[in-house]
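The structure appears right after this line, and notes come after that.
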Amino acid sequence: MIALKFEKKNLSCCDVEFADSGEDIVYHFWPSEGKKDFPNGFAKALEGAFLSLLPETADVRASYTSKEEASIISRFGDTDAPPVPSYYVRVVGWANNPMASKFLKQKVFVSLDENVQSRH
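Take any residue in the sequence shown, count from 1 to its spot, add 1489: that is its number in my numbering.
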């Protein structure tokens, strides 16, 4: 198994790390440093960011881990970071798309920040 090479970005609404995993792009979103939770409406803003860039036929899978679940999971890990809620997103089959770098590794984050700002 090959270790994933994550890139990290600090957005105005959250922090994210993302990497290619085979033919997929995987994302891990969590609240910005010093915040305990995501801004109001974050789930819809996240969904909207991907919907604005991908066709309806795209296979996008998302899951959410609450702070309570993260607390339980952290007991089994070796992390010193406090448990926070997280969203995990997998865009299936798009890592090799020539436009993935521009749209799914840059523009999606701009769209997410804009969507969060428009909900306030």
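Every residue, glycine too, gets a C-beta built ideally from N, C-alpha and C.
In summary, F1495 is exposed, with fewer than 16 beta-carbon neighbours lying within 10 Å of its beta-carbon over all protein chains present. In the same chain as V1605, and ignoring 5 residues on each side of it, the C-beta atoms closer than 6 angstroms to its own belong to C1502, P1528 and A1534, in chain order. Membership of K1533 in the alpha helix (DSSP H) is indicated by the continuous run F1531 to L1540. Looking at S1590, E1603, A1584 and K1591, the one whose alpha-carbon comes closest to that of E1512 is A1584. Taking the C-beta atoms as reference points, F1539 is found nearer than 9 angstroms to A1547.
Each of E1522, A1492, E1506 and A1589 was checked against the Cα of Y1576, and the nearest Cα belongs to E1506.
Under the three-state reduction of DSSP, D1602 is assigned to helix. Beta-bridge partners of E1506 (DSSP): K1497 and H1517. Fully contained in the segment 1558 to 1597 are the following beta strand (DSSP E) runs of length 3 or more, in chain order: 1575 to 1581.
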